[in-house]
Every structure is written in structure tokens, then in C-alpha cells.
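Novice: Before I ask anything, here is the structure I am working with.
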């Protein structure tokens, strides 16, 4: 169980998350939607342990442990996985070496024996087949020269190999055509299990046609402003984020005229983005 | 102790007994060279080409061997390592593991050397022997006392030996020619290597400077390469001298029409290492690659001073240097490219990238382009930076600890230079030498 409680996070003195609350039970898939700049990626990065962000208030409890007290690598070993929106290219490090180093670091931590070269190769090849990746990608440098779709498949491959308890997918749909999106979504769906929770971050509801969430949350200005079932995503699809902005202004009306004005402005941009999808 | 007077005295004492002392041209050249060195002294930062590296301390530097080197073991280890990197699956290559000329304290050690079978017209031997047998050929290749920097003059005055390699027209030497230079008992060694490649000849030459005696030692090494029309020459230098050693080297090449020359300089050792690397594209359509990697930590200093002369049209040059600087080490790179008025359609590209692994490490990268032709393509770039934070986080987010992630990225940065070494076993040798230098290198062994 993941409990995010009144989370505040800032970068370079600018507060991005402003009191975010969220609970994700084991085995659940939660979607977080929101317009650009609402703090979606910040949430993902803070959960994964990126230290360019400073947590200024609140906390994250993960199965009784203080998640934020752990360095990034220990979170990963304990079973947290972030699928990056922009996977990083690492020239000179082969994907095979990288994957093996990662898998063995995690297995060591979990008290499992490390894979030797042969076992690892057999395992990774099987998983690659499942996500539709050619074997040559093993011997290329990590993400270097990969297309957008290939990079995202490589993320799903890593997720499959690392077998996380909590996976955070940060705009895994961005930059994908519909075929690539389906393959990536299939890869994710294959990994759904009662022991594994997922947070699926997306701008568009399109991804949620393929990865069906248990709950949908709307993030705006660093806070969850709406939560609901799958139908919430469809409403957003229909009305755009401007609708949330207006609704939020209605809900919270008092003493927020300046804030409501800003929401109305972003509402315009959100609406056009909604129409594009 | 190592002041100019000391070297004048050394020359006075030695001159009559140096190989070739009876050759008037050589006696004169050595005389002129020591006079020049006396005149110029050890370079200081006041000299244009030494702006970031001063040898002024040499005037007070005592040179002394504290502990002699186990020469046989060093050679055996090097050869075994070379056989290993070739891979056990390749038994044929193991049987013919190249040609090895070993020099100990500046003189050929025949007992440690072995030359495999060579094509006819190819000569691989010592300079001292060549001076006795074919002095005219040596005279044409030896170089002049006025050439290069002051340490090169000192070398011209004192060098007693080195490699003499002559490649006949069209000859092809398959296996690399390894030259090993070990400072074993004496505190200074001076090597002069001369390579004369006739038209169309092909060979790869490796200069090894393994860690020898412990103590303050001095190596001066000058390698001169004449690359005739359409010859293909590869040169790899692996400098791994002991931590207190001073290493002063110059490599200069002259390339005729269509000659292809590749220099790979891997500089990992010594307390101070200076490499002057020059090539002159003297004929049309010549191609040069200057590729290099340096690593220094502690208080060590490494300087590559390179110069590419495009003298004739349609020459191509590629220059790639990378530096890894840790502790409070200092790395210096100067890349001079000269394009003469006559060198139209020159295509020159230069890059130097440095990675600072600590707060106190320093790097200077200086491109110097002088272009007198109007139809040329010249590009250059230099960077000094730290490890990519995004990449570090990406690795850590996969469970790889911070130290391992840093090692991995450091290795990857450096390995790009090694990729340009075409000969696979030599590339593997360079890689092993790099991993030995990097903390956590053993963990990276299986990195392909």
C-alpha cells in the first residue's frame, strides 16, 4: 500500500507539488491525468528519488516504510520502478550489460541468486520477444538511436525484468503511434497482478483504452482535484481540462479569485489539447 | 641535479661512446642539439607551446631509482596479456603473437626480444645496429637538432638506441610490431624510434611504456615516421609509466600523397606526461587520425600538444581526444590545425572532451586553427564537464548503486576513443589498461 500524504515538492525554490494526497492499494492501477505543468512528471520523479526536487512538506509511506528516506537505487531494489517519459541515452554502455547489472543489483537485494550470463540471456530474450524487441537491441548502447517506440519498449522490458511491486509509468504513451501504444500497453497489462500496483501518468485518455485503470485522478496545480472511476477519464476526454479548472473554481470559489483566473487561462490551452487527442 | 649543466656533463661524458659517434653528421647533430638544449633550458610557461605545463622544476629535480624493475616479469606479463586479449579461441593468432622489440634502460635487450617472420624488405631492429649497418638511411630519417621542443633536442643529443623500422615498397606486416621500453635500473632513458615506410607499405606499430623502476625517472622518446605515398600506418602508444616518472615524448609524421596515418595515444601513467604529436599532410589526399585518451588522478599532469599541418589539397584529418581527470590532476590539450593556402578542399575536424571526476581536477582544451585556404571544411569543439546527472539517475533508478553508475558512465565516456582502434586485440589491450586505471574496473570487465 502506497500512501502519499500532503506532499509538497519544489525545484529551484519553485513549488510544484502543493499538498498532494493519494492512496494506492496493492494490485490497483491508478491513472493520473492532468494538463501540462500540473506536476505529473514531478510526482513521478519525486517518487523515484530524483534529488533535484526538494520535498518541503508531507511524506510517502510505502508498506510502513518512509519511501522518501531511501536513495533512488534502494527504492528500485525495494521494488519501485519508474518508466521514464524520456528514457536516457547512454552511449558506450550496452543494453545487455545495463540490464544485467540492474537485474542482479535488484536480485541481490531480494536475497535471490544473481543470474549468470547464460541464464540472464535466456531470460532477457524471452522477455524481449514478449515486448516485440529484436535481439540486436541487446548489443546496442542503452537507448542510443532508438526510436520513441523502441525506447518505450525498452522501458517495459526493464519493468518486466525487474518485477517491481509498484510501477510508475510517466507518459509512456507520449510520442507513440497507435500500434506502438498497443504493444506497450499489452506489455504493461501482462504485468498486472494482485501484488503489483501501478500509477499510470498520462495527458490523454487514449492510453486508458488499453490500460484500464481502477481509479482515475486529476492533477491540477500540484494537487489532486478530482478522483473517480474510469468514467472520469472519459469526461475529461469530452470536455478537456478547462472543465476541471472551472469545476475546481466552482468547488473552492471562496478567496481564490486570483487562482481561479489562472485556472481559467490554462483551461483554454487544456481544452485545445483535449480536442487534439 | 637535473639542471641543464648536468645534461651538458652527461653529453660530454657519453658522446664519444654513443652508437654512431664516429659518424661526423651524427656527432655534429648531437653537438648542435645539446647546445640548443643548453640555450633553451627546460621549458617554462613563458613559452607559447608550454602555457599550461612547466618543466622548470626539472632544474631542481633529482632523478634516482629507488627500486629496480623486474624486467623479465614485465615483458612476460605484457606478452601473456596480449595473448589473452586475442582470445583463447584464436590459437593461430596466439602462435604468432607479433613482433617484440624490448628496450631496457634505453638499449635493445635482444634476449627479451623476438621478431617473427617478416616479408622481404622489411627491417625491424635497433637504431644502434642500423647506425652501424646502414648509416646513410638512418641519416635521412634521423631528424634535425632544431626540430620540436627543447626535450626533443635533449633526446637528439643523448639517445643511444630505439627502434629502426624500414618497410619496403608494398610490404604488408600483418602482426603489430610491439616496441617495449622499460626503465629498469637507470634513472633516465632516451629513445629515438625511426620508421620509414615506402610506397604502399602497411604496418601497425605499438609503443609500450609499462611501469618500470620506482623512483623519479625520466624518459624522453622521439618517434619519427616517414609515410610514403599510399602507405597505411597505425601507431598506438600505451603510456603506463610508474607514478613518479617524468615522460616527455614527441611523435612526428610526414605523410606523402594518399598516405593514411592513425595515431592512438593512451596516456594513463607517469607523474607528468607530455606528448607532442605532429603530422604533416605533405602530399595530396593524405588522411590523418589523431585519437587519444588520457587519465590522471592525484597530483598528476598530462599534456597533449598536437599539430596537424595541411600543406597540400584534399587532405582529411580527424582528431578526437578525451580526458578523465580525478583528484587534483590537470589535463591539457592543444590542437593546432594549420591549413596552408595551397591546401584547398581540406576537411579537418577536431574534438576534445574532458570529464572532471572531482572538484579539484582541471582541464584545459585549446583548439588553435590557422586557415589560409578558402575552400575548406574545418570544425572543432572542446568541452569540460561532469558526468551526466540524467544518466546517473537513470542507472540508479534501476537499482545500480551510485558508485557503480559513476564507474559505468566514466568507462563509457572513455571507451568511445578505444572504439577507433581498428585492430581488435590492440583495442582490447587498451581497454584492459583503461579498466586497470579506473576504480571498480574489475566490475566492468564484462562490459562489451
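Protein chains in written order, with this note's numbering: chain A, 10 to 286; chain B, 37 to 484. Every residue gets a Cβ at the ideal spot worked out from N, C-alpha and C, and that includes glycine.
Exposed or buried, what is residue 73(B) when buried is set at 16 or more other beta-carbons lying within 10 Å of its beta-carbon?
Specialist: Against the second chain, residue 73(B) aligns to sequence position 37. With 16 or more other Cβ atoms within 10 Å, it is buried.
Novice: Return the residue from the list 24(A), 40(A), 139(A) that minimises the CA-CA distance to residue 228(A).
Specialist: To locate residue 228(A), count along the first chain from 1; it is residue 219. Answer by Cα proximity: 40(A).
Novice: With a threshold of 8 Å between beta-carbons, can residue 190(A) be considered close to chain B, or not?
Specialist: Counting from one through the first chain, the residue named residue 190(A) turns up at place 181. No, because no Cβ of chain B sits closer than 8 Å to the Cβ of residue 190(A).
Novice: In chain order, what residues of the same chain have a beta carbon less than 6 Å from the beta carbon of residue 428(B), not counting five sequence neighbours either side?
Specialist: Looking up residue 428(B) in the second chain gives position 392. Excluding sequence neighbours, residue 428(B) sits near 441.
Novice: Have a look at residue 173(B) and residue 259(B) and give me their C-alpha separation to the nearest angstrom.
Specialist: For the purposes of this step, residue 173(B) is identified with residue 137 of the second chain, where counting begins at 1. For the purposes of this step, residue 259(B) is identified with residue 223 of the second chain, where counting begins at 1. Distance between the alpha carbons of residue 173(B) and residue 259(B) is about 16 Å.
Novice: State yes or no: is the C-beta of residue 263(B) within less than 8 Å of the C-beta of residue 233(B)?
Specialist: The sequence position of residue 263(B) within the second chain is 227, counting from 1. The sequence position of residue 233(B) within the second chain is 197, counting from 1. Result yes, Cβ atoms of residue 263(B) and residue 233(B) sit closer than 8 Å.
Novice: Say whether chain B places a C-beta atom closer than 8 Å to the C-beta of residue 173(A).
Specialist: Taking the first chain and counting its residues from 1, the one referred to as residue 173(A) is at position 164. With 8 Å as the cut-off, residue 173(A) does not count as an interface residue toward chain B.
Novice: Going by C-alpha to C-alpha distance, which of 347(B), 387(B), 375(B), 273(B) sits closest to residue 318(B)?
Specialist: One-based indexing of the second chain puts residue 318(B) at position 282. Measuring from the Cα of residue 318(B), the nearest candidate turns out to be 347(B).
Novice: How about the segment 79 to 99 of chain A and the segment 13 to 33 of chain A: do they share at least three Cβ pairs that are nearer than 8 Å?
Specialist: Verdict: no, contact absent.
Novice: Return the first residue and the last residue of the beta strand (DSSP E) that residue 338(B) is part of.
Specialist: Residue mapping note: residue 338(B) aligns to position 302 of the second chain, counting from 1. It spans 337 to 346 - the beta strand (DSSP E) in which residue 338(B) sits, taken as one unbroken run.
Novice: Could you spell out the range, first to last residue, of the alpha helix (DSSP H) harbouring residue 133(B)?
Specialist: One-based indexing of the second chain puts residue 133(B) at position 97. Careful: residue 133(B) lies outside any alpha helix (DSSP H) and carries neither H nor E.
Novice: Flag this pair as touching only if the segment 143 to 161 of chain A and the segment 89 to 101 of chain A have three or more C-beta atom pairs under 8 Å; answer yes or no.
Specialist: At 8 Å Cβ cutoff, the stretches touch.
Novice: Comparing C-alpha positions only, which one of 124(A), 189(A), 126(A) sits nearest to residue 142(A)?
Specialist: Your numbering for residue 142(A) matches position 133 in the first chain. The shortest Cα separation from residue 142(A) among 124(A), 189(A), 126(A) belongs to 189(A).
Novice: Per DSSP, what kind of secondary structure is residue 23(A) in: helix, strand or coil?
Specialist: On the first chain, position 14 is the one that residue 23(A) refers to. DSSP places residue 23(A) in strand when its eight states are reduced to three.
Novice: Taking the alpha-carbon of residue 189(B) as reference, which of 160(B), 208(B), 64(B) has the nearest alpha-carbon?
Specialist: Here the question's residue 189(B) lines up with position 153 in the second chain. Closest by alpha carbon: 64(B).
Novice: Can you check whether the CB of residue 56(A) is closer than 8 Å to the CB of residue 89(A)?
Specialist: For the purposes of this step, residue 89(A) is taken as the residue at position 80 of the first chain. For the purposes of this step, residue 56(A) is taken as the residue at position 47 of the first chain. Cβ distance < 8 Å, so residue 89(A) and residue 56(A) count as in contact.
Novice: When we look at the beta-carbon of residue 408(B) and count the other beta-carbons within 10 Å, is it buried (16 or more) or exposed?
Specialist: Here residue 408(B) corresponds to residue number 372 of the second chain, with the count starting at 1. Classification of residue 408(B): exposed, given that the 10 Å Cβ count is below 16.
Novice: Is the separation between the beta-carbon of residue 300(B) and that of residue 245(B) shorter than 8 Å?
Specialist: One-based indexing of the second chain puts residue 300(B) at position 264. One-based indexing of the second chain puts residue 245(B) at position 209. Not a contact, by the Cβ cut-off of 8 Å.
Novice: Can you tell me which of 215(B), 455(B), 405(B), 392(B) puts its alpha carbon nearest to the alpha carbon of residue 160(B)?
Specialist: Locating residue 160(B) in the second chain gives position 124, counting from the first residue. The option with the nearest alpha carbon to residue 160(B) is 215(B).
Novice: Please classify residue 138(A): is it buried, with 16 or more other beta-carbons within 10 angstroms of its beta-carbon, or exposed?
Specialist: What you label residue 138(A) is simply residue 129 of the first chain in a count that begins at 1. It counts as exposed.
Novice: Does the Cβ of residue 522(B) have 16 or more other Cβ atoms within 10 Å, making it buried, or fewer, making it exposed?
Specialist: Nothing can be reported for residue 522(B), as the shown portion of chain B is limited to 37 through 484.
Novice: Which residues, in chain order, does the segment 452 to 470 of chain B contribute to contact with chain A at a C-beta distance below 9 Å?
Specialist: Listed by position, the residues of the segment 452 to 470 of chain B near chain A (Cβ gap below 9 Å) are 452, 455.
Novice: Counting contacts by CB-CB distance shorter than 8 Å, is residue 435(B) in contact with chain A?
Specialist: On the second chain, residue 435(B) is found 399 positions in, with the first residue counted as 1. Yes, contact with chain A.
Novice: Whose C-beta lies closer than 6 Å to the C-beta of residue 207(A) among residues of the same chain, with five residues either side of it excluded?
Specialist: Residue numbering aside, residue 207(A) sits at position 198 when the first chain is read from its first letter. 38, 176, listed in sequence order.
Novice: Which complete alpha helix (DSSP H) runs does the segment 162 to 199 of chain B hold, if anything under 4 residues is left out?
Specialist: Listed in chain order, they are 163 to 169, 171 to 178, 186 to 194.
Novice: Can the beta-carbon of residue 325(B) be found less than 8 Å from the beta-carbon of residue 457(B)?
Specialist: The residue given as residue 325(B) occupies position 289 in the second chain. The residue given as residue 457(B) occupies position 421 in the second chain. Contact flag unset, no.
Novice: Is it a yes or a no for the segment 410 to 422 of chain B touching the segment 376 to 384 of chain B, going by three-plus beta-carbon pairs under 8 Å?
Specialist: Touching, yes, given that three or more Cβ pairs across the two stretches are closer than 8 Å.
Novice: Mind pulling the chain A residues with CB within less than 8 Å of residue 118(B)?
Specialist: To locate residue 118(B), count along the second chain from 1; it is residue 82. By Cβ distance, chain A contributes nothing, its closest Cβ being about 24 Å from residue 118(B), past 8 Å.
Novice: Could you compute how far the alpha carbon of residue 268(A) sits from the alpha carbon of residue 230(A)?
Specialist: Indexing the first chain from 1 puts residue 268(A) at position 259. Indexing the first chain from 1 puts residue 230(A) at position 221. Reliability of the predicted coordinates at residue 268(A) is poor, the pLDDT of 36 falling under 50, and the value obtained from them is presented with this limitation in mind. About 10 Å.
Novice: Kindly say whether residue 91(A), judged by its beta-carbon, lies nearer than 8 Å to any beta-carbon of chain B.
Specialist: Locating residue 91(A) in the first chain gives position 82, where the first residue counts as 1. It does; some Cβ of chain B falls within 8 Å.
Novice: Does the beta carbon of residue 438(B) come closer than 8 Å to any beta carbon on chain A?
Specialist: Here residue 438(B) refers to the residue found at position 402 when the second chain is read from its first residue. Yes, contact with chain A.
Novice: If you follow the alpha helix (DSSP H) that residue 403(B) is part of, which residue opens it and which one closes it?
Specialist: By one-based count along the second chain, residue 403(B) stands at place 367. Not the alpha helix (DSSP H): residue 403(B) falls in the beta strand (DSSP E), residues 398 to 407.
Novice: Starting from the Cα of residue 183(A), find the closest Cα among 120(A), 209(A), 10(A) and give me that residue.
Specialist: As a first step, residue 183(A) is located in the first chain; it is residue number 174 there, counting from the start. When each option's Cα is compared against that of residue 183(A), the closest is 209(A).
Novice: On the three-state DSSP scale, how would you describe residue 120(B)?
Specialist: By 1-based counting over the second chain, the position of residue 120(B) is 84. Residue state, collapsed to three classes: helix.
Novice: Mind checking whether residue 334(B) and residue 227(B) have CB atoms under 8 Å apart?
Specialist: Translated into positions along the second chain, residue 334(B) becomes position 298. Translated into positions along the second chain, residue 227(B) becomes position 191. Taking 8 Å as the Cβ cut-off, residue 334(B) and residue 227(B) do not qualify as a contacting pair.
Novice: Does the beta carbon of residue 225(A) sit closer than 8 Å to a beta carbon anywhere in chain B?
Specialist: To locate residue 225(A), count along the first chain from 1; it is residue 216. Residue 225(A) does not count as touching chain B.
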